[in-house]
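Student:
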Amino acid sequence: MNLLRAKSVEKGWDLDFGELARIWKGGCIIRAVFLDRIKQAYQRNPNLASLVVDPEFAREMVQRQAAWRRVVGLAISAGISTPGMCASLAYFDTYRRARLPANLVQAQRDLFGAHTYERTDRPGAFHTEWTKLARKSSAGAFS
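When we follow the numbering used here, the leftmost residue of the sequence shown carries the number 108, and every step to the right adds one.
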């Protein structure tokens, strides 16, 4: 739905997502009850950015996340590809975080190309000599 929303905004389509859920209900393999719940979420809030922020969907996702994580973990351990479940769990985790793990990407860019990074505790661009820091840390660990 988020992709449809983004394209609807970009193109000025003004899609009715509750109506889309109703239309998909006829002849879709997704359980009709689930599509009804999607329709209701968009009826409650036609400008809903994501089902993740709908109070009813959010509550259920939080309540069921332990089982969701177990299923994904078991699938990975068994070598079973479940890209949709893995991606949706990653999306859920990303959507509910105040800060994302972009700091790792910034650190890697700084290590390999001295591109600098930003900090959360003070403004500005910073650079670290990561290899020197690693050598210093390793030397101290083996002393």
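All residues carry an ideal CB built from backbone N, CA and C; glycine is no exception.
Relative to the C-alpha of T238, which candidate in F164, G220, P153 has its C-alpha closest?
Tutor: Of the candidates F164, G220, P153, the one whose C-alpha sits nearest the C-alpha of T238 is G220.
Student: Report, in whole angstroms, the separation of the C-beta atoms of L142 and A128, which I expect to be a contact under 8 Å.
Tutor: Yes, L142 and A128 are in contact; Cβ-Cβ is about 5 Å, under 8 Å.
Student: For F249, count neighbouring C-beta atoms within 10 Å of its own C-beta (all shown protein chains included) and say buried if the count is 16 or more, exposed if not.
Tutor: With a pLDDT of only 41 at F249, under the threshold of 50, the placement of this residue in the model should not be trusted, and no figure is reported.
Student: Please work out which residues of its chain come closer than 8 Å, Cβ to Cβ, to R206, disregarding the five sequence neighbours upstream and downstream, and give them in chain order.
Tutor: Excluding sequence neighbours, R206 sits near T227.
Student: With 16 other CB atoms within 10 Å as the buried threshold, where does F124 fall?
Tutor: Result: buried.
Student: Rounded to whole angstroms, what is the Cα-Cα separation between A148 and M168?
Tutor: Cα to Cα, the separation comes out at about 14 Å.
Student: If you drop the 5 nearest sequence neighbours on each side, which residues of the same chain put their C-beta closer than 6 Å to that of Y202?
Tutor: Excluding sequence neighbours, Y202 sits near V159.
Student: Would you decide whether I187 is buried or exposed? Buried here means 16 or more other CB atoms lie within 10 Å of its CB.
Tutor: Flag for I187 reads exposed.
Student: Give me the Cβ distance between Y72 and Q213, rounded to the nearest whole Å; I'm assuming they're in contact under 8 Å.
Tutor: Summary: the structure shown does not reach residue 72, with the chain confined to residues 108 through 250, and so no result is reported for it.
Student: Which residues in the same chain as D161 place their Cβ atom closer than 8 Å to its Cβ, once the five residues preceding and following it in sequence are excluded?
Tutor: A148, R151, N152, L155.
Student: Are there 16 or more other CB atoms within 10 angstroms of the CB of K114, so buried, or fewer, so exposed?
Tutor: It is exposed - the Cβ of K114 has fewer than 16 other Cβ atoms within 10 Å.
Student: What's the C-alpha gap between N210 and R229?
Tutor: Going by the C-alpha atoms only, they are around 14 Å apart.
Student: Give the DSSP-derived three-state secondary structure of F249 in the structure shown.
Tutor: Reliability fails at F249, whose pLDDT of 41 lies under 50, so the model's placement of it is uncertain and the value that follows must be treated cautiously. Note: F249 maps to coil in three-state DSSP.
Student: Identify whether E225 lies in helix, strand or coil by the three-state DSSP scheme.
Tutor: Reduced to three states, the DSSP call for E225 is strand.
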